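Colleague: Let me give you the structure first, and then I'll get to my questions.
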Amino acid sequence: PGTDLEVTGIDFLKSQNSLLHHTDAYHMDSLVVRRGQAFQLQLSFSRELKAADKLALHFGIGKRPMKIRWTLVSLNPRREEDLSEWQISIIKNSGKECLLSVISSPRAAVGRYTLDVKTETNIYKTQNNALYLLFNPWCEADDVFLADEAQRKEYVLNDTGYIYVGSAYNIYGRPWNFGQFEEFVLDACMYLLDKSKLKLSNRADPVFVSRAMSALVNANDDRGVLLGNWSGNYSNGTCPTDWIGSVSILQKYYKTKRPVCYGQCWVFSGVLTTVMRCLGIPSRSVTNFSSAHDTEENLRVDIYLNEFGGKLNSMSLDSIWNFHVWNDVWMKRMDLPAGFDGWQAIDSTPQEQSQGIFQCGPCPLKAIRDGDVYLPFDSKFLYAEVNADKVYWVVKKVNGKDKYTRISTETEGVGINISTKAVGQNKREDITAQYKYPEGSREEREAMEKASSFIRRSGVVPRARFASTVPMGPMAPEPRVLHEAVSKTGLQLEITNKEALYPGNPLELAITVKTSTPGSWTINLAGSCQLQSYTGKVEASLGYVKETIKLEGKSEMQVPLKIAADEYMKTLASVEDEVFILITAIAEVQGTDEKLTKETTMSFEYPPITVQMPEMAKLNKEFSCAFIFKNKLNVPLDNCKLLVEGLGVFKKSVFDEGHVKPGRIIKSEIICTPTRLGEKKIIAKLISTQIKGISAEAAVTITE
Numbered sequence: 004p005g006t007d008l009e010v011t012g013i014d015f016l017k018s019q020n021s022l023l024h025h026t027d028a029y030h031m032d033s034l035v036v037r038r039g040q041a042f043q044l045q046l047s048f049s050r051e052l053k054a055a056d057k058l059a060l061h062f063g064i065g066k067r068p069m070k071i072r073w074t075l076v077s078l079n080p081r082r083e084e085d086l087s088e089w090q091i092s093i094i095k096n097s098g099k100e101c102l103l104s105v106i107s108s109p110r111a112a113v114g115r116y117t118l119d120v121k122t123e124t125n126i127y128k129t130q131n132n133a134l135y136l137l138f139n140p141w142c143e144a145d146d147v148f149l150a151d152e153a154q155r156k157e158y159v160l161n162d163t164g165y166i167y168v169g170s171a172y173n174i175y176g177r178p179w180n181f182g183q184f185e186e187f188v189l190d191a192c193m194y195l196l197d198k199s200k201l202k203l204s205n206r207a208d209p210v211f212v213s214r215a216m217s218a219l220v221n222a223n224d225d226r227g228v229l230l231g232n233w234s235g236n237y238s239n240g241t242c243p244t245d246w247i248g249s250v251s252i253l254q255k256y257y258k259t260k261r262p263v264c265y266g267q268c269w270v271f272s273g274v275l276t277t278v279m280r281c282l283g284i285p286s287r288s289v290t291n292f293s294s295a296h297d298t299e300e301n302l303r304v305d306i307y308l309n310e311f312g313g314k315l316n317s318m319s320l321d322s323i324w325n326f327h328v329w330n331d332v333w334m335k336r337m338d339l340p341a342g343f344d345g346w347q348a349i350d351s352t353p354q355e356q357s358q359g360i361f362q363c364g365p366c367p368l369k370a371i372r373d374g375d376v377y378l379p380f381d382s383k384f385l386y387a388e389v390n391a392d393k394v395y396w397v398v399k400k401v402n403g404k405d406k407y408t409r410i411s412t413e414t415e416g417v418g419i420n421i422s423t424k425a426v427g428q429n430k431r432e433d434i435t436a437q438y439k440y441p442e443g444s445r446e447e448r449e450a451m452e453k454a455s456s457f458i459r460r461s462g463v464v465p466r467a468r469f470a471s472t473v474p475m476g477p478m479a480p481e482p483r484v485l486h487e488a489v490s491k492t493g494l495q496l497e498i499t500n501k502e503a504l505y506p507g508n509p510l511e512l513a514i515t516v517k518t519s520t521p522g523s524w525t526i527n528l529a530g531s532c533q534l535q536s537y538t539g540k541v542e543a544s545l546g547y548v549k550e551t552i553k554l555e556g557k558s559e560m561q562v563p564l565k566i567a568a569d570e571y572m573k574t575l576a577s578v579e580d581e582v583f584i585l586i587t588a589i590a591e592v593q594g595t596d597e598k599l600t601k602e603t604t605m606s607f608e609y610p611p612i613t614v615q616m617p618e619m620a621k622l623n624k625e626f627s628c629a630f631i632f633k634n635k636l637n638v639p640l641d642n643c644k645l646l647v648e649g650l651g652v653f654k655k656s657v658f659d660e661g662h663v664k665p666g667r668i669i670k671s672e673i674i675c676t677p678t679r680l681g682e683k684k685i686i687a688k689l690i691s692t693q694i695k696g697i698s699a700e701a702a703v704t705i706t707e
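78 is the number that the working numbering gives to position 75 of the sequence shown; each next residue is one higher, with no gaps.
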């Protein structure tokens, strides 16, 4: 019996394996490797391993791994071929040590594996017992293979980035810490995989995994990670604008196993990017500006205005969001006809149910672009988000009843400037062309015709929430959609701001009316200024202008629209969300049927946060980082908090700054000790009762 072969230890050779597998950044004690790629194990025995000895490695996954599902690797020279596509070989056998190479199948289920080593008489179970197997974008046989190294660095390994917000012509990048390598983040992803109840074979497939995660990042249906809240009241949770990254959300979720409060679309997308990159699926957060939330999937969003051009909230079932953020993930689509590999859209913001639960995608970008809206998953919904038409109606009371007049249809106002962070650079990349053909091109027309054959395009009856219960006045004849070419007057509207839009200052706005053809024109102009949240919900109406203008031939006239600070500061302080300035103008030319609408969304401007710190620092050596903010506004800021986080440098910290009067300078300092090499980003965000949107970042390079 003394000569029985026994295993006395296993070394997972973590540092050399994780470097080769691009997993060295994970904050884990266990070995993390990617599928379809070799890793080495060092076995120690009670005596030398001989050719006659029986030795088998059992890799198990799931709660009760059964024989069938195990990968049994026998080192018997006479062994049968292993059917699981895993390979094993002895690299070096000397004395009581044996170095093995294991290559997992590029189609293996992703998750946490146990390893038992079996000899004739003895089973050695490994301590803490786990090895994590991830998707592998570096492996050609893996469905998530991505050929370009710079793209892999960005979409798999970059743990910081930007999420683009604002409005279509006023875009800014919100710095975001994805933090896919931080402590407990991979554990949280494994918990979500188990919670998804996917069959093991589906856990190998990025299509199923990404779809399941789009459902699990929201709390609907399955008590997933984040609870969405657009109500404006966040008193028993964190206001969605206060997050600066995914790490604290996923850590809190993993610790409590309860949904974290609260998310809105950019938070859902940021967390989903983290989860995808953490599991090894290349991913990016994508922002669609002027995003149609079309509840009837009929490619049309109705917008109702009062006679002053003010948008009416309560009327519409569907809406245009200033922006909406979802995700693209990169994979082959073996479940679809050829040609739909590559980027796929997924969305974890709970908007619509798909197959009975709140999940969305994956849907090939090519299917959206080409109008192939019959392809799975959720292609109709995504197609409408980037392609719907906007139809404007004016609602006036006539004899005590609402009369709806259709003023214009805008076919190019939805799905513009689709944005994501550029590869390897701190700037925005416009990816609209990956989602749609150029407006007005032959390809775009063909895609629209194809999509329309699968989507009910509605007629032009207004479909307000109450329209069906109110007897309709006679419908106005349908005006032509105006193209400059057919216009008699060459009527144009422009909306501008004459001064910077600082909170506490009056809003100095102007509407310019232009005509360009000979003749005398009398134009009725109405213009309205409102505050709205990013989902298009009107928070306050601030003021309007209504004038009749006479123009001769090619000429223009500027009509000022000025809003005093006290008209809006109360709303700014009472609404917990970041708000935008919405200006809508309607012009009607007397004696013709020419009508035009124009709407513009603008953002408030804020004084900056300055970050002071060295450009270089040494690993494990202290350095100081200071954050300075001067309140250059004319109004005091209440309940100021400074949120700061630096992955690999310091944990998320909050400084309470209290009441900051105009002109006051605040300075907060943090002493930090970097724990990781390379370029690290520090993110800072200032929030207060009045303003939410000030953020800054700085980079420091950590060397040995």
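Built from N, CA and C at the ideal position, the CB exists for glycine as well. These figures come from a predicted structure and were not determined experimentally.
1) At which residues does the beta strand (DSSP E) containing F48 begin and terminate?
2) For R72, which residues of its own chain have a beta-carbon under 6 Å away from its beta-carbon, when the five flanking residues on both sides are left out?
3) Would you call the stretch 385-402 and the stretch 293-310 touching, i.e. three or more CB-CB distances under 8 Å?
4) Apart from the five residues on each side of it in sequence, which residues of its chain come closer than 6 Å, Cβ to Cβ, to Y265?
5) Return the first residue and the last residue of the beta strand (DSSP E) that E100 is part of.
6) Give a yes or no on whether the C-beta atoms belonging to I94 and L102 are separated by under 8 Å.
7) M337: buried (16+ other C-beta within 10 angstroms of its C-beta) or exposed?
8) Using the Cα positions of R50 and K128, report the straight-line distance between them to the nearest angstrom.
9) Any C-beta of chain D sitting closer than 8 Å to the C-beta of D146?
10) Helix, strand or coil for K573, going by three-state DSSP, please let me know.
11) When the Cα atoms are used, what is the spatial distance from I421 to D331?
12) Is H486 helix, strand or coil when you go by DSSP?
13) Give me the residue from F311, C268, L275 with the minimum Cα distance to T290.
14) Just to confirm, are Q693 and V638 a CB contact at a threshold of 8 Å?
15) In terms of DSSP beta bridges, what is E555 paired with?
16) On the DSSP bridge assignment, give the partners of F184 in chain order.
17) If we count the other Cβ atoms within 10 Å of its Cβ and call it buried at 16 or more, is T26 buried or exposed?
18) Check the C-beta distance from T520 over to Q593 and give it rounded, since I have them as a contact under 8 Å.
19) The beta strand (DSSP E) that contains I612, what's its start and end?
20) In this structure, what does DSSP give as the bridge partners for A629?
21) Would you identify the three-state DSSP class for L253, choosing helix, strand or coil?
22) Under 8 Å, do G416 and K393 count as touching if we go by C-beta distance?
23) Where does Y537 land, buried or exposed, given buried means 16+ other C-beta within 10 angstroms?
24) Report the CB separation of S411 from T259 in whole angstroms; it is logged as a contact under 8 Å.
25) Alpha carbon to alpha carbon, how far is T276 from L160? Give it in angstroms, no decimals.
26) Need the endpoints of the alpha helix (DSSP H) that Y438 sits in, please.
27) Relative to the alpha-carbon of P140, which residue among E310, I126, E157, L308 has its alpha-carbon at the smallest distance?
28) Cα-Cα, which of V663, K633, P506 is closest to F583?
29) Considering only residues of the same chain and omitting the five flanking positions on each side of T163, which have a CB-CB separation below 6 Å?
30) Mark Q381 as exposed unless 16 or more other C-beta atoms lie within 10 angstroms of its C-beta, in which case mark it buried.
31) First and last residue of the beta strand (DSSP E) that includes K369?
32) Which residues does DSSP list as the beta-bridge partners of T518?
33) With a 10 Å radius around its C-beta and 16 neighbouring C-beta atoms as the bar for buried, classify Y377 as buried or exposed.
34) So, helix, strand or coil for A568, using DSSP?
35) Rounded to the nearest angstrom, what separates L137 and Q428 at their Cα positions?
36) If you reduce the DSSP assignment to three classes, tell me which class A1 lands in.
Modeller: Checking against the coordinates, here is how it stands:
1) 41-48
2) Per-residue confidence for R72 stands at a pLDDT of 46, beneath the threshold of 50, marking its modelled position as unreliable; no derived number is given.
3) yes
4) Sequence-distant Cβ neighbours of Y265 in its own chain, meaning closer than 6 Å and more than five residues away, are L230, N232, Y237, G240, P243.
5) 100-106
6) yes
7) exposed
8) 18 Å
9) In the displayed structure, chain D is absent; only one protein chain is listed.
10) Three-state result, K573: helix.
11) 12 Å
12) Residue placement at H486 is poorly supported in this model, since its pLDDT is 40, which falls under 50; the coordinates are not used for a value here.
13) Out of F311, C268, L275, C268 has the C-alpha closest to the C-alpha of T290.
14) yes
15) S523
16) The partner list for F184 (beta bridge, DSSP) is empty, contrary to what the question assumes.
17) That one is buried.
18) With a Cβ gap of about 15 Å, T520 and Q593 do not count as contacting.
19) 612-615
20) Q615, E672
21) helix
22) yes
23) Of the other Cβ atoms in all chains shown, 16 or more fall within 10 Å of the Cβ of Y537; this residue is therefore buried.
24) That belief does not hold up - the Cβ atoms of S411 and T259 are roughly 50 Å apart, past 8 Å.
25) 11 Å
26) 435-438
27) The shortest C-alpha separation from P140 is found at E157.
28) With distances taken between Cα atoms, F583 lies closest to P506.
29) N180, K684
30) Checking the sequence shown, residue 381 turns out to be Asp, not Gln. It is buried - the Cβ of D381 has at least 16 other Cβ atoms within 10 Å.
31) Not the beta strand (DSSP E): K369 falls in the alpha helix (DSSP H), residues 368-373.
32) S558
33) exposed
34) helix
35) 26 Å
36) The structure shown does not extend to residue 1, since the chain spans only 4 to 707, so no value can be given for it.
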